[in-house]
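These notes concern the structure reproduced below.
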Amino acid sequence: MVGTIKFENVKKTFISMDGEEVNALSGVDLEIEQGDFVCLIGPSGCGKSTMLRLLAGLDKPTEGTIYLDEKKVTKPDCDRGLVFQDPNLFPWLTIYDNIAFGLKVRKLFRSRRDDVKEYMELVGLKGFERSYPHQLSGGMCQRASLARALIGHPSALLLDEPLGALDAFTRMNMQDELLRIKKEKNMTMIMVTHDVDEAVYLADKVVVMTPRPAKIEQVLDVKLSQPRDRNNPEFIRLRSEILRILDFAGKEQEPEYNI
Amino acid sequence: MKILRPLLLILSFAAAEAVAFAVPDSPLHQPAKHPYFAILLIAVTVIYFIAAVAGYLTKKKKEEIIEEPLFYRAPFLAGVILFLNLLNIFTVKTAIFPVLYFPSLDRVFGTLAEDRELILKCIAFSMGILVKGVLGGLIVGFFMGLAVGFSKKAAYWINPIIRILGPIPSTAWIPILLVVFSQARSASTFIIGISVWFPTVVLTSSGISNVKNSYFEVSSTLGAAPIHKIFRIGVPAAMPSIFLGLFNGICGSFVALMTAEMIGAKYGIGWYVNWQKEMMAYSNVYAGLIVIAVLFYIIITLLFKVRDRVLGWQKGVIKW
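Residue numbers (this note's numbering), protein chains in the order written: chain A, 1 to 259; chain B, 1001 to 1320.
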């Protein structure tokens, strides 16, 4: 089985513009099993995006190690697909070529040409092969960006607030879409989000994080079966529980602005 | 009323032909061999109407015909003919303009026909050094720009050189180049190369450094190697900027070409104009200027055609 992830005492410090040391992540331990849907949630500055970037290999941890299937993560590679809040489609390529990009640079396009159509269908973009990104809506671009990440068969899919810029309806629609894709491909998914409702709706595990110092406060298992009902008492209980943890952490915090 | 547009053209055309044939030429003007102006006018108008009729017959929806470029252009063409008609009146018909500097239109157009062998030779010569110089400057500028855009080390060593040498007007190099190169032709090519190199290298490197970093990040999570990041992400993303540099460079190269041909050239369209001016043969000077205008118009139009193809994915860029 592939797709198990382990964070071992991972720390990350940046040097800010004023030369000060900023703790972006202080000592995180986390184990994620194959096929888990994990949501990282917390206010800005809690290190959730940093965790994802470290796991993607875009940044290097100052201390500690991250393992993917027992292998140390050192640099970005196609075994970890990444989707940002901004779809970041390449505007000079058609939707088809955007999705085929990974196959082309890895010289797999000849042998797996038919996969491009298959993944376009998977995300519901059939018929938009020749369109350019600027001709598509935000939701459709995000679908294309999802297909682009999925086509390389990553062991884990990393999602950095992928639905953050979408309107409420598109967003709920895309949440169900993500669950469907996850079920079909059975891969590990790790998603950063601000939205407590979204986290409880999607995740098998919700990792609640708090800032100053940026760390994991608590990991909650969501034992509800899919599809989930947002009005289920357990759903509501979990949501309040997360909000309580976040609020508790918030009270010790300095306000960001003083009037 | 739009349908009356071609009528304007016919009126303007008839007036010009009437003046050309019915009004006697001033004796102060040297006579031309043939009535070139009148002939050219007939040719242009006939071609226009043939094209318009052909367009009308092949068009499916007849109502749209007045939106056709040909109909749309009719008033403009009528205006041009009116302008030429007035010029014809002020020069050869009345000699109101100084005769020496304002030759008759017949003689200007006549030069294009009668002196065509030398003019073609000059065009070939100019195009030869222009193509070599532009390609050279473009290739060096492009790869240098890539190096500066992608490598900090290259930027450290090359950037100061670009900043110091780049702004020097390319023609200011002439005294040095005449010493370095044994042939005037090579020196001219080099001047054109420099004038294209500078804007290309600056806009390529700045184009590369303005590419969104997340494009590179996404590509690396998709398995792209450094070579892919340069040629599949960096270059296409910077292409609008690179084309802007090339456009500036090519416009600059026209100036450079004209100046370069004044240093010991034996042919060339810039040399032709300059030489004819010294001979006080102003009809040849105007003919040369017409050739230059048409030539450069074609080059810039081709460049924009290529750009529209390459940058078809972009919205709202400079139109030509």
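All C-beta atoms, glycine included, are put in the ideal place defined by N, C-alpha and C.
The shortest CA-to-CA distance from Ile-1003/B to any of Tyr-1272/B, Arg-1163/B and Ala-1052/B is the one to Ala-1052/B.
Chain A places a beta carbon closer than 8 Å to that of Thr-1221/B, counting this residue as a contact.
Distances from the CA of Leu-25/A to each of Pro-233/A, Ser-137/A, Val-105/A and Phe-14/A were compared; the closest alpha carbon is that of Phe-14/A. Between the alpha carbons of Ser-1214/B and Gly-45/A lies a gap of roughly 20 Å. Against chain B, the CB of Leu-68/A has no partner CB under 8 Å away; the residue lies outside that interface.
Per DSSP, the unbroken beta strand (DSSP E) holding Cys-39/A starts and ends at 37–41.
Using a Cβ-Cβ cut-off of 7 Å, Pro-91/A is close to Trp-1313 of chain B, given in chain order. Of all residues in the stretch 1232–1256 of chain B, those with a C-beta nearer than 9 Å to a C-beta of chain A are Arg-1232, Ile-1233, Pro-1236, Ala-1237 and Met-1239, reading in chain order. In the DSSP assignment, no residue is bridged to Ala-1260/B. Under a 10 Å Cβ-count criterion, His-194/A is classified as exposed, with fewer than 16 other Cβ atoms of the shown protein chains found around its own Cβ. Bridge pairing for Arg-80/A: Ala-156/A [DSSP]. Ser-131/A carries a coil assignment under DSSP once its states are collapsed to helix, strand and coil. Pairing Ile-41/A with Val-1211/B, the inter-Cα distance amounts to about 30 Å.
Taking a C-beta distance under 8 Å as the contact criterion, Pro-1103/B and Ser-1241/B do not qualify as a contact pair. DSSP, read as helix, strand or coil, puts Phe-1097/B in coil. By the criterion of a C-beta distance shorter than 7 Å, Glu-234/A is surrounded in its chain by Leu-224, once the five residues flanking it on both sides are discounted. Within the stretch 1146–1226 of chain B, the complete alpha helix (DSSP H) segments at least 4 residues long are 1152–1165, 1174–1180, 1184–1209 and 1213–1221, listed from N- to C-terminus. Judged by DSSP secondary structure, Glu-20/A falls outside any alpha helix (DSSP H); it is assigned neither H nor E. Lys-1229/B: not part of any beta strand (DSSP E); DSSP gives it neither H nor E. Apart from the 5 residues on each side of it in sequence, Ala-1015/B sits with its Cβ closer than 7 Å to the Cβ of Asn-1085 in its chain, given in chain order. For Cys-78/A, the residues of chain B that pass the 8 Å Cβ criterion are Thr-1221, Leu-1222 and Gly-1223, in the order they occur in the chain. In this structure, Val-1019/B is the residue among Ser-1206/B, Tyr-1272/B, Val-1202/B and Val-1019/B with its C-alpha nearest to the C-alpha of Leu-1105/B. Sequence-ordered contacts of the stretch 1183–1216 of chain B with chain A read Lys-1212, Ser-1214 and Tyr-1215 [C-beta pairs closer than 8 Å]. Per DSSP, the beta-bridge partners of Phe-14/A are Val-22/A.
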